[in-house]
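Below is one structure, written out as structure tokens; the observations come after it.
Protein chains: 2
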Amino acid sequence: MIIGVCEDDPAIRRLLAEALRFAGHETVMAHDGGEALRLFGADSGIDVMVVDIGLPDSDGRDVCQALRSAGQNAPVLFLTALGATHDRLAGFGAGGDDYVAKPFELKELIARLEALGRRGRPPLSTTAGLDLDPARHAARTPSGEVLLTPTEFRMLAAITSRPDEVVRRRTVIAAAWPEGAVVAENTVDSFMRRIRTKLESIGSPVSIETVRGVGFRIR
Amino acid sequence: MIIGVCEDDPAIRRLLAEALRFAGHETVMAHDGGEALRLFGADSGIDVMVVDIGLPDSDGRDVCQALRSAGQNAPVLFLTALGATHDRLAGFGAGGDDYVAKPFELKELIARLEALGRRGRPPLSTTAGLDLDPARHAARTPSGEVLLTPTEFRMLAAITSRPDEVVRRRTVIAAAWPEGAVVAENTVDSFMRRIRTKLESIGSPVSIETVRGVGFRIR
DNA sequence: GCCAGACAGTCAGGTGGCGTTCAGGAAGTG
DNA sequence: CACTTCCTGAACGCCACCTGACTGTCTGGC
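Which chain is which? The protein sequence lines are A and B, in order.
Quick note on numbering: full-length UniProt numbering labels position 142 of the first sequence as 142, and the sequence is numbered without any gaps.
Quick note on numbering: full-length UniProt numbering labels position 67 of the second sequence as 67, and the sequence is numbered without any gaps.
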């Protein structure tokens, strides 16, 4: 299992790295929210994430939401020093799947992570008859399957994560490119065309609709 | 099941020998690290190993790593007088699979050993028409057989363990090199080429596909 | 001690895939 | 009709990867 850990405290980071490796898992480490967004993308292959709520550059719950809108929907376990109920609930509200307070029992944390991971890697979106398979970098429909390049995959993931909703160009760019990247407006169109072509090539029943002046929507 | 035991204390050695034989297993005994290296090699047929961390001539964790790099990848259970968490973790980091503190409950130890043995090492798959033979470090297909070096074998095993899935470069590195090893990015490519060449040389029907920017996939 | 062979790892050069851009046309909007 | 936005096809260039050869280390045999 590949586990993404976002935690600023070096001691805890190292502890988790060793313990998880020991338990037979691979880890990807991030020490702040920005790095997490870069490393934990939809095509990162990550099965479960551990995110500290109190990060130096942002709130872990915001990080989680940003990842969600980038199409990443692996389960998230929040780490926090706070034990109050409303904080716990806020964590769940932000798309979290579990919650552990610091200081935590290592064994318990790992057990919970494995439980979350065992639920299986959810196909990113079976919505609208379109499956995204991060393990294979592929998009699948009842009628066939195509392989996508990393960027294509991230873009498509960002759109399919919100079926029937209009996803703004800006959002697509934020999901598919690292923060601060400068891309010509047109680049999105080019990729969109390639994705559409690939989907057509397998006779996909779903298509990407463009909402002029706003963005795109899956249908 | 054949169980290798490396332990300097004669009393514990005798205790384990009797108990394991009683439980229906065969044992191979070593008094120190040097002997363990000679007796527990990759071709020793040993299924599981019990290694004391506090050996007269060396640290059990070093012994374990030495055995690993000699191609021995049977599961290891560490025995130690230390109970502190960081020692436990260090044992895991050295390639251990389980850990029992002395004095131990005989029943529990045997149960854990049997669990390790049963789990086996990743049942190196017959997937996709490609057989991996850990004992001989060989890859076999309907059309022939080639011998692989230890590193080649570990890499190929990492890829074949997930047929049709993209295995990331860093996953391959994690599988083929000890933790913290620094290898040039290029090294993976070199080995990959050697593996592909060997597979071709026997006219293998399966081949390793590369997914640019992500990793490799068996096909 | 010396040599031969096997294996791990590195380096430099070439290639192609993928990300990116551009220009021209089509479609939507006022 | 003027203007904007998006589609379409083609082309470019970088970088990840491939490829072949080389170096260094270790082991076993004479």
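The beta carbon of each residue, even a glycine, is placed where N, CA and C say it ideally should be.
Review point. In or out: Leu130 (chain B) buried (at least 16 other Cβ within 10 Å) or exposed?
Key: Taking the second sequence and counting its residues from 1, one reaches residue 130 (chain B) at position 130. Looking at its Cβ environment, which holds 16 or more other Cβ atoms inside 10 Å, Leu130 (chain B) is buried.
Exercise for review: Determine whether the Cβ of Ala174 (chain B) lies closer than 8 Å to any Cβ atom of chain A.
Suggested key: Taking the first residue of the second sequence as 1, we reach residue 174 (chain B) at position 174. Answer yes: the Cβ-Cβ gap between Ala174 (chain B) and chain A drops below 8 Å somewhere.
Review point. Under the three-state reduction of DSSP, which class applies to Leu148 (chain B): helix, strand or coil?
Key: Counting from 1 along the second sequence, the entry for residue 148 (chain B) is found at position 148. Here Leu148 (chain B) sits in coil by DSSP.
Check your understanding: For Pro10 (chain B), does the three-state DSSP call read helix, strand or coil?
Key -> Within the second sequence, numbered from 1, the residue matching residue 10 (chain B) stands at position 10. Note: Pro10 (chain B) maps to helix in three-state DSSP.
**Study point:** Cut-off 7 Å between Cβ atoms - residues of its own chain near Arg169 (chain B), not counting five sequence neighbours on either side
**Key:** The count along the second sequence starts at 1 and reaches residue 169 (chain B) at position 169. Result list for Arg169 (chain B): Val188, Gly215, in chain order.
Exercise for review: Ignore the nearest five residues each way along the sequence and tell me which others in Gly203 (chain B)'s own chain have a CB closer than 6 Å to its CB.
Suggested key: The residue labelled residue 203 (chain B) in the question sits at position 203 within the second sequence. Here the set comprises Ser143.
Check your understanding: Below 8 Å between beta carbons: does that hold for Leu16 (chain A) and Glu7 (chain A)?
Key -> Taking the first sequence and counting its residues from 1, the one referred to as residue 16 (chain A) is at position 16. Taking the first sequence and counting its residues from 1, the one referred to as residue 7 (chain A) is at position 7. Their beta carbons are under 8 Å apart, which means Leu16 (chain A) touches Glu7 (chain A) by this criterion.
Exercise for review: Compare the C-beta of Glu185 (chain B) with all C-beta atoms of chain A and state if any pair is closer than 8 Å.
Suggested key: Locating residue 185 (chain B) in the second sequence gives position 185, counting from the first residue. No, Glu185 (chain B) lies away from the interface with chain A (no Cβ there is under 8 Å from its Cβ).
Review point. With 16 as the cutoff for other CB atoms within 10 Å, does Leu89 (chain B) come out buried or exposed?
Key: In the second sequence, residue 89 (chain B) corresponds to position 89, counting from 1. Confidence in Leu89 (chain B) is poor, its pLDDT being 47 and thus under 50, which makes the residue's placement too unreliable to answer from.
Practice item. Give, in chain order, every unbroken run of the alpha helix (DSSP H) that is at least 4 residues long and sits entirely within the UniProt DNA-binding region "OmpR/PhoB-type" (122–219) of chain A. Key: 150–160, 169–176, 185–201
Check your understanding: Are the region 63–78 of chain B and the region 35–55 of chain B touching, with three or more C-beta to C-beta distances below 8 Å?
Key -> yes
**Study point:** Expected contact under 8 Å - CB spacing of Leu77 (chain B) and Asp98 (chain B) to nearest Å
**Key:** In the second sequence, the residue the question calls residue 77 (chain B) occupies position 77. In the second sequence, the residue the question calls residue 98 (chain B) occupies position 98. With 8 Å as the limit, Leu77 (chain B) and Asp98 (chain B) qualify as a contact, their Cβ atoms being about 4 Å apart.
Review point. Which residue's Cα is closest to the Cα of Val5 (chain B): B:Phe104, B:Pro178, B:Val51?
Key: Position 5 of the second sequence, counting from 1, holds the residue named residue 5 (chain B). The shortest Cα separation from Val5 (chain B) among B:Phe104, B:Pro178, B:Val51 belongs to B:Val51.
Check your understanding: Arg217 (chain A) and Val166 (chain A): beta carbons closer than 8 Å?
Key -> Translated into positions along the first sequence, residue 217 (chain A) becomes position 217. Translated into positions along the first sequence, residue 166 (chain A) becomes position 166. Yes, these two residues count as a Cβ contact at 8 Å.
Practice item. From the DSSP output, in three-state form, read off Gly45 (chain B) for me. Key: Taking the first residue of the second sequence as 1, we reach residue 45 (chain B) at position 45. Coil.
Practice item. Kindly list the residues whose CB is nearer than 6 Å to the CB of Leu109 (chain A), restricted to its own chain and excluding five residues on each side of it in sequence; keep chain order. Key: Mapped onto the first sequence, residue 109 (chain A) falls at position 109. Around Leu109 (chain A): Val100.
Exercise for review: Express the C-alpha separation of His137 (chain A) and Arg212 (chain B) in angstroms, rounding to a whole number.
Suggested key: Counted from its first residue, the second sequence places residue 212 (chain B) at position 212. Counted from its first residue, the first sequence places residue 137 (chain A) at position 137. If I take the Cα positions, the gap works out to 11 Å.
Exercise for review: Note down the Cα distance separating Met49 (chain B) from Leu116 (chain B), rounded to an integer number of angstroms.
Suggested key: Position 49 of the second sequence holds residue 49 (chain B). Position 116 of the second sequence holds residue 116 (chain B). Taking the straight line joining both Cα atoms gives about 9 Å.
Practice item. Could you confirm whether any beta carbon from chain A is found closer than 8 Å to the beta carbon of Thr160 (chain B)? Key: Here residue 160 (chain B) refers to the residue found at position 160 when the second sequence is read from its first residue. With 8 Å as the cut-off, Thr160 (chain B) does not count as an interface residue toward chain A.
Practice item. Counting only the same chain and skipping the five closest in sequence on each side, list residues whose C-beta sits under 7 Å from that of Lys107 (chain B). Key: The count along the second sequence starts at 1 and reaches residue 107 (chain B) at position 107. Closer than 7 Å at Cβ, skipping near neighbours: no residue.
Practice item. Out of B:Asp59, B:Phe191, B:Ser201, B:Phe104, state which residue places its alpha-carbon closest to the alpha-carbon of Met155 (chain B). Key: As a working mapping, residue 155 (chain B) is identified with position 155 in the second sequence. Among B:Asp59, B:Phe191, B:Ser201, B:Phe104, the Cα nearest to that of Met155 (chain B) belongs to B:Phe191.
Check your understanding: When you compare only the Cα positions, how much space is there between Ala19 (chain B) and Gln72 (chain B)?
Key -> Locating residue 19 (chain B) in the second sequence gives position 19, where the first residue counts as 1. Locating residue 72 (chain B) in the second sequence gives position 72, where the first residue counts as 1. Just so you know, the alpha carbons of Ala19 (chain B) and Gln72 (chain B) end up roughly 25 Å apart.
Point to revise | Closer than 7 Å at the beta carbon, the chain A residues around Glu179 (chain B) | key: Stepping through the second sequence from its first residue, residue 179 (chain B) is reached at position 179. In chain order: Arg21.
**Study point:** Glu108 (chain B), DSSP secondary structure in three states
**Key:** Position 108 of the second sequence, counted from the first residue, corresponds to residue 108 (chain B). Here Glu108 (chain B) sits in helix by DSSP.
Review point. If you draw a straight line from the alpha carbon of Pro10 (chain B) to that of Met29 (chain B), how long is it in whole angstroms?
Key: In the second sequence, the residue the question calls residue 10 (chain B) occupies position 10. In the second sequence, the residue the question calls residue 29 (chain B) occupies position 29. Pro10 (chain B) and Met29 (chain B) have their C-alpha atoms some 11 Å from each other.
**Study point:** Where the beta strand (DSSP E) containing Asp32 (chain A) begins and where it ends
**Key:** In the first sequence, the residue the question calls residue 32 (chain A) occupies position 32. It is not in any beta strand (DSSP E) - Asp32 (chain A) carries neither H nor E in the DSSP assignment.
**Study point:** Distance between Met1 (chain B) and Asp32 (chain B) (C-alpha atoms, nearest Å)
**Key:** The residue given as residue 32 (chain B) occupies position 32 in the second sequence. The residue given as residue 1 (chain B) occupies position 1 in the second sequence. Rounded to whole angstroms, Asp32 (chain B) and Met1 (chain B) show a C-alpha spacing of 22 Å.
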